[in-house]
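Residue 12 is where the sequence shown starts when you use my numbering, and the numbers rise one by one after that. Glycine is no exception: its CB is placed at the ideal position from the N, C-alpha and C atoms. If you're wondering where the values come from, they're calculated on a predicted model, not measured in any experiment. Contents: one structure, followed by commentary.
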Amino acid sequence: MNDKKNNFIELKINREFGDIISLYFDFFKTNIKKFTNIFLSYNGIFLIGLLIVSYLMVSGVFALVANNENLFGSNFAANEQNSISYFVTGGILFFLIFIVVAILNYSLSTAYMIKYEEKEGQNFDKSEVWGMVKNNMGNIIVFILIIILVFFGFMMLAAILTFIPLVGMIAQYIIQYFFMAWVGVSFFAMLKEKAGVIEALGEGWNLVSNNFWRAVGVNFILGFLIGMLFLIVLMIPGILIGIYTFHVVQNNVELAGSIVPTIVYTLGTCVLLILMVYSQCLSQFVNGILYYSLHEKTHNLHTRSKIDQIGSSDL
Numbered sequence: 012m013n014d015k016k017n018n019f020i021e022l023k024i025n026r027e028f029g030d031i032i033s034l035y036f037d038f039f040k041t042n043i044k045k046f047t048n049i050f051l052s053y054n055g056i057f058l059i060g061l062l063i064v065s066y067l068m069v070s071g072v073f074a075l076v077a078n079n080e081n082l083f084g085s086n087f088a089a090n091e092q093n094s095i096s097y098f099v100t101g102g103i104l105f106f107l108i109f110i111v112v113a114i115l116n117y118s119l120s121t122a123y124m125i126k127y128e129e130k131e132g133q134n135f136d137k138s139e140v141w142g143m144v145k146n147n148m149g150n151i152i153v154f155i156l157i158i159i160l161v162f163f164g165f166m167m168l169a170a171i172l173t174f175i176p177l178v179g180m181i182a183q184y185i186i187q188y189f190f191m192a193w194v195g196v197s198f199f200a201m202l203k204e205k206a207g208v209i210e211a212l213g214e215g216w217n218l219v220s221n222n223f224w225r226a227v228g229v230n231f232i233l234g235f236l237i238g239m240l241f242l243i244v245l246m247i248p249g250i251l252i253g254i255y256t257f258h259v260v261q262n263n264v265e266l267a268g269s270i271v272p273t274i275v276y277t278l279g280t281c282v283l284l285i286l287m288v289y290s291q292c293l294s295q296f297v298n299g300i301l302y303y304s305l306h307e308k309t310h311n312l313h314t315r316s317k318i319d320q321i322g323s324s325d326l
């Protein structure tokens with residue numbers, strides 16, 4: 012327990028832009044092992060679901076390719092209908108599973124950071140993280156539903172901005188990263204402060220809008236770096252699949268008639284989807300650090316409590 016205490020990274024400090032970037036990577040290195048264990052523990056069944064969805068989508072695409080190469084076959088219409096049904100079923104299941112998984116892991120990463128700050132280190136069990144998510148499930152669902160509605164409003168604004176050359180494109184990115192910061196910080200406010208959904212959205216809006224460029228800049232820089240990390244991790248499986256694809260093309264391998272291509276591309280698609288979900292968790296850690304920094308800058312609660320403790324010890 013003492014070692015964990017010594018390794019604790021204080022989050023409730025008003026930090027400037029560069030310090031937030033540095034803190035993120037310190038937190039990431041310190042907590043990646045424990046959080047990954049929690050991620051795998053509560054995502055097992057969904058990871059299996061993503062594997063099944065990947066199989067359906069890959070099988071559907073392969074069947075469509077094979078069917079197009081055999082336009083005059085006797086079972087062309089039936090085969091095409093079956094291949095489309097595979098692909099559509101996989102697509103629908105993918106959308107549903109991905110939404111559930113995204114909400115779950117958005118909540119898990121938020122609850123993890125809150126527990127880390129409360130316990131001043133990693134001295135907590137994964138069941139405590141899940142307990143926080145479970146106890147706030149009602150508010151989480153309402154929060155997501157409201158954000159979906161608000162998202163369409165932001166999308167309409169972004170679509171209007173596309174008609175403005177260059178300036179419109181820059182404005183789109185600014186709006187995108189502001190939206191990400193607002194949603195992420197508001198979600199932390201809801202779970203950490205046990206606030207209502209509307210109250211949390213209001214708190215998040217005040218914190219982010221009053222520190223607009225810091226919030227947008229941190230999300231932009233760290234979002235870019237997480238994206239680069241994502242691509243680096245995908246490099247090895249991407250190269251292997253690329254080599255296999257070259258083999259398939261060069262040797263005219265029949266995709267729909269062999270189990271090996273289906274296995275290779277199913278696993279490749281599944282790994283891609285899992286890494287997408289995991290990178291979303293890493294992105295929410297960005298907003299957690301941003302929340303603690305902006306909250307302390309605005310309310311100064313932690314600094315005042317430290318001063319009070321020093322005053323009490325002197326007495």
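For residue 230, the enclosing alpha helix (DSSP H) begins and ends at 223-261. Distances from the alpha-carbon of residue 309 to those of 180, 215 and 68 put 215 closest. For residue 139, the enclosing alpha helix (DSSP H) covers residues 137-146.
Residue burial is scored here from C-beta neighbours: residue 142 has fewer than 16 other C-beta atoms within 10 angstroms and is therefore classed as exposed.
Sequence-distant partners of residue 225 (beyond 5 residues in either direction) whose C-beta falls short of 6 Å from its own C-beta, in its chain, are 28. The C-alpha of residue 246 lies about 15 Å from the C-alpha of residue 281.
If you draw a straight line from the Cα of residue 152 to the Cα of residue 65, it comes to about 26 Å.
For residue 272, the enclosing alpha helix (DSSP H) starts and ends at 270-310. Three or more beta-carbon pairs separated by less than 8 Å are not found between the region 34-43 and the region 106-115, which leaves the two stretches without contact. Residue 49 sits away from residue 34, with the two beta carbons spaced by 8 Å or more. Apart from the 5 residues on each side of it in sequence, residue 169 sits with its Cβ closer than 8 Å to the Cβ of 183, 186 and 187 in its chain, given in chain order. Cβ-Cβ distances below 6 Å link residue 128 to 22 in the same chain, with the five nearest sequence neighbours on each side left out; the list follows chain order. Put simply, the backbone Cα of residue 69 is about 7 Å away from that of residue 276. In this chain, residue 21 is not harboured by any alpha helix (DSSP H), its DSSP state being neither H nor E. Taken through DSSP and simplified to helix, strand or coil, residue 42 comes out as helix.
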